[in-house]
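In the numbering used here, the protein residues as written are 341 to 584.
Inspection log for the structure reproduced underneath, given as structure tokens.
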Amino acid sequence: MPPPSWASSVRRSARTPGWRDLPLRRLLGERLDGVPVALGHDVRTGGLAEGRIGAGRGADRFLFVALGTGIAGAIGIDGTVEAGAHGFAGEIGHVVVRPGGAPCPCGQRGCLERFASAAAVSAAWARASGNPEADGADCARAVAAGDARAAAVWQEAVDALADGLVTALTLLDPGVLVVGGGLAEAGETLFAPLRTALEQRVTFQKLPPLVPAALGDTAGCLGAGLLAWDLLETDITVRSEVTT
Ligand SMILES: [Zn+2]
């Protein structure tokens, strides 16, 4: 059997309607005449790379959180990423931080990603600035330039993010907290107020170093390479699984 951080199938994907419980790994293996295939969730695969060769390198326990169109995370333990019993571990974007708040496509209300994803900040800044084309990067630039409206939008996202991250710190006690994705490209415009917001919230929890992701857009590809690399060591086992 593959390690638990590897996926075997696509359970559900909003981007690919009809791909439900699709045994993609087995199908690809069969189509490739038994060549071993590794399959991973994009953010958790990126988190694997950040943990082994990126910003979390050397930490035996880390949490990677990507702030993109949505928000997802990867729980790193001893060089692997914890997938959970059903493949959903790390979905910090759907931790409810504002009960009864904005509805989320996942079916809940008030999920973190409705407030602190790059898409959420883009939408909030487009509304506040009156420019439908404005996005999260524009908001970050306006914050750095001292725009009070942008600062209010930004702080709302930072506060929601800190609330979600403190929940994660309380449960996981990571050694390093790695934050990446489009919104993290704002650098200290994000990290400085986020550190402050986290410091204001923690009581008994140990606040780990908060660091930006190091691998950027290549993290997912590098992580996929690492999954394949790992597969070489279990080649024989996986071959027999794929062909039976
Ligand atoms: Zn949700």
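Think of the CB as a built atom: it goes at the ideal place given N, C-alpha and C, for glycine as much as any other residue.
Heavy atom of ligand 1 within 7 angstroms of residue i beta-carbon
i, result
"His434", "yes"
"Gln540", "no"
"Cys479", "no"
"Gln495", "no"
"Cys561", "no"
"Gln545", "no"
Check whether residue i and residue j have beta carbons under 8 angstroms apart
i, j, result
"Leu562", "Leu501", "no"
"Leu523", "Val461", "yes"
"Val383", "Ala425", "no"
"Ala395", "Ala537", "no"
"Gly380", "Gly410", "no"
"Leu566", "Arg392", "yes"
"Val516", "Pro552", "no"
"Gly504", "Ala406", "no"
"Glu390", "Ala559", "yes"
"Ala568", "Thr385", "no"
"Pro533", "Gln495", "yes"
"Val498", "Ala490", "no"
"Gly447", "Val437", "no"
"Val377", "Leu368", "yes"
"Leu512", "Val542", "no"
Inter-residue CB distance, residue i and residue j (contact presumed, cutoff 8 angstroms)
i, j, result
"Phe402", "Gly416", "4 angstroms"
Residues bridged to residue i [DSSP beta-bridge criterion]
i, result
"Pro443", "Arg449"
"Glu422", "Ile415"
"Val436", "Cys451"
Notebook entry, point to check: Hey, which unbroken runs of the alpha helix (DSSP H) at 4 residues or more fall wholly within the stretch 503–569?
Noted result: 528–541
Item checked: Secondary structure, beta strand (DSSP E): runs of 3+ residues fully inside the stretch 382–415 -> 401–407
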